[in-house]
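Chain order of the listed sequences is E and D.
With the first letter of the first sequence counted as 1, position 92 gets the number 381 in the working numbering; the numbers rise by one all the way through.
With the first letter of the second sequence counted as 1, position 250 gets the number 231 in the working numbering; the numbers rise by one all the way through.
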Amino acid sequence: MKRVYAREEFCAGCKLCEVHCAVAHSEYPDDIIKAFLKQKVKPTPRVLVEENQPISFALQCRHCDDAPCTKACISGAMQKDPLTGVVINDESRCVGCWTCILVCPFGAVQRDAGGHKVASKCDLCSTNGGLPVCVQNCPNDALVFTDELWGR
Amino acid sequence: MDYVIVGNSAAGIGAVEGIRSLDKAGRITLFSDEPYHTYSRPLISYYLFGKVTEDKMYYRPPDFYERLDVTARLGTRVNSLSTAEKELVLESGEKVGFERLLLATGGKPIVPPMPGRDLEGVFTFLKWDDVKALEKTLYPGVRTVVIGAGLIGLKATEALCHRGAEVAVVELANRVLSAILDEGAAGLVQESLAERGVRFFLENTVAEILGADGRVKGVRLQDGTELPCERLVIAIGVSPNTSLAQGTEVAVNRGILVDEFLATNVAGIFAAGDVAEGYDFLFRQRRVLPILPNAYKQGFSAGVNMAGGTESHRGGFAMNSIGFFDLPMITAGIVKPESSEFRELIHTDAAKRVYKKIVLREGKIVGFIALNAIDRAGILTGLMEKEIDVTPFQEHLLRENFGYLHFPKEYRQQELWKGVLKRERA
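Structure representation (structure tokens):
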């Protein structure tokens, strides 16, 4: 399956991926101003930039083949779509027990700051059907969406 | 192939999914003595708290059995097992043959033979029916004693407190959550629950349950203290429910003994979940690991192996994510080592109720506590599972921003580019 990969040598650490991700998953997915000003709680990005200059890179759910979060989930909310391979958290069933945080080796599941206490993670923008917004908006093409072999 | 599964919780469901990952045609029959569609046992405290409604208790969607072509015989008790005949005998006397059997019968609450345990108002806290029964009898101010300050006892305490009960907790150990926390962390958790009005009686236990007219009216502790109460919750612990294996050729220690393929010593018979005693690779011995992630994983691997695959489950270790009111914690492995071969790294901020501890052995992480600082804790779990030597970056482990950034570049890229990174040299 296609996943998002970060080329850390091209990452400028600007965190625009975080901004666009937060907006796309907010109550105002098409309006960056409203997303940050009108929503009661600041929207949570589902991608995290790790940074300690000169190194920086974006990291989000790897949608593991053998996803430990889906196996550990106590409510059955975290499931891997058998057709697309995308790991999705059904927020209506999530109880915020954070067992996914306990088992995710990438630290890619976050607690939603939105007050409804559910696990928040990358869904590969699967509802928009196209390129994930973090990849679309990376100004230096540090993020790639691919399933092909890459050289170093 | 004829598969029979006894048990309808995480291990049983994992086995169904494991079998169906390889065998779409075999006949699967699943038995449960409870009448419910598969539900999540850890959610019962959330149910009592009121965070989860009845329709959200289910572990899999309503069409689960139909979709995976499982004959679910719910509310049907299995009485005995004959390994020679390869059949089960149901409570009704009906006999059910099998080619592959999974025993996923879970655990049962430990109830010591103390006087008064049959009084009205005394409850255990393991099944949905337990909390449904308890819930009906609650009212504001009801005085409740909880025996046991473990995971189940404190989750029950949290929910009862939220429902307006006055709760006192009695615990034999010197601290709460002694299986997953050391003294430093346990003190902070106890303090936060005490602020909600919970009273604790540590290094103490209930000697006698007091009653009048068939109802509980209090408890007398070992040290003579008497606590009046109208409700009593026994949450001392859970022991493997091995009754089907007892008296058969299936080898049982504390739990049903299984190998790395979840097979018992009898061909065709497997066990998984809270009833099984598998390998713990941190303690380097066989142990019962009664936690949901372990149950599901063991069940899934058992299912694959029952269907003719070979999925080795090299063993697990204890790991828990739990929280009480606004205080979350994640812990794993050995949290309170007793010998000098271990090293401990500790960071505390008592004012913020933050406590972080990492336990190392031979350069590898073998345990940690992350209290009120749980974000990205799974990175530590991952390093434990992969048995990575963390010596090159151990000074960063306790940092708030600890992450892949601190890994050696080659290891980082290998993990983050898994599947698509072309190696320079084969």
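Cβ coordinates follow ideal geometry from the N, Cα and C atoms, glycine included.
Item, Value
"E184/D burial status per 10 Å Cβ neighbour count (16 or more: buried)", "exposed"
"Neighbour flag for P442/E against chain D, beta carbons, 7 Å", "Outside the displayed range of chain E (290 to 441) lies residue 442/E, so it cannot be described from this structure."
"Exposed unless 16 or more other CB atoms sit within 10 angstroms - verdict on L372/E", "exposed"
"Environment of M310/D [buried if 16+ CB atoms lie within 10 Å]", "buried"
"Separation of N426/E from A(-9)/D, as counted between CA atoms", "41 Å"
"Spatial neighbours of G192/D in its chain, beta-carbon cut-off 7 Å, leaving aside the 5 residues before and after", "G97, L100 and K198"
"Among V407/E, V338/E and L438/E, the one whose alpha carbon lies nearest that of G302/E", "V338/E"
"Status (buried if at least 16 other CB within 10 Å, exposed otherwise) for M367/E", "buried"
"Chain-ordered chain E contacts of K108/D [CB-CB under 7 Å]", "Here the premise fails: no neighbours, minimum Cβ distance about 15 Å."
"Beta-carbon gap between I91/D and I237/D smaller than 7 Å", "no"
"Minimum length 3: unbroken beta strand (DSSP E) runs contained in the stretch 132 to 199 of chain D", "147 to 152, 180 to 183 and 187 to 193"
"Whole-angstrom distance between V148/D and D436/E, CA atom to CA atom", "55 Å"
"Secondary structure of R58/D, DSSP reduced to three states", "coil"
"Cβ-based burial, G314/D [other Cβ within 10 Å; buried from 16]", "buried"
"W398/D (DSSP reduced to helix, strand or coil)", "coil"
"Residue span of the beta strand (DSSP E) that contains L352/D, given as start and end", "K345 to L352"
"G384/D: contacting residues in chain E (beta-carbon distance under 7 Å)", "E339 and G396"
"Alpha-carbon to alpha-carbon, L305/E and A160/D", "43 Å"
"Backbone secondary structure at S220/D - three-state DSSP", "strand"
"Backbone secondary structure at L308/D - three-state DSSP", "strand"
"Among S220/D, V269/D, F182/D and G7/D, the one whose alpha carbon lies nearest that of V126/D", "F182/D"
"As assigned by DSSP and simplified to three states, the class of P274/D", "helix"
"DSSP three-state assignment for Q266/D, whether helix, strand or coil", "strand"
"Partners in chain D for R335/E, counting only beta-carbon separations shorter than 9 Å", "Residues of chain D passing the Cβ test: none, with the nearest at roughly 14 Å."
"Reference C350/E, options W439/E, V384/E and T359/E, closest by Cα", "T359/E"
"C-beta neighbour in chain E for T362/D, strict 7 Å", "yes"
"Simplified DSSP state of A407/D, which is helix, strand or coil", "Residue placement at A407/D cannot be trusted, given a pLDDT of 43 that sits under 50; what the coordinates show is reported in the next sentence. Reduced to three states, the DSSP call for A407/D is coil."
"Residue-level contact to chain D via CB, R382/E, 7 Å cutoff", "yes"
"Expected contact under 8 Å - CB spacing of F323/D and L341/D to nearest Å", "7 Å"
"Under 7 Å by beta carbon: chain D residues contacting Y317/E", "Chain D residues near Y317/E: none, gap ~26 Å exceeds 7 Å."
"Closest residue to S286/D among F242/D, L273/D and A252/D (Cα-Cα distance)", "The sequence as given places Asn at residue 286/D; Ser does not occur at that position. Checking every option, the nearest Cα to that of N286/D belongs to F242/D."
"Helix, strand or coil at Q279/D [DSSP, three-state]", "helix"
"R102/D and R196/D closer than 7 Å at C-beta", "Going by the sequence as given, residue 102/D is Gly instead of Arg. In this structure, R196/D lies closer than 7 Å to G102/D by Cβ."
"Per DSSP, the bridge partner or partners of T125/D", "V148/D and R212/D"
"Any 3 or more C-beta pairs closer than 8 Å across the stretch 49 to 59 of chain D and the stretch 6 to 23 of chain D", "yes"
"Boundaries of the beta strand (DSSP E) in which L364/D is found, first to last residue", "Note, L364/D: premise wrong, no beta strand (DSSP E); alpha helix (DSSP H) at G359 to E366."
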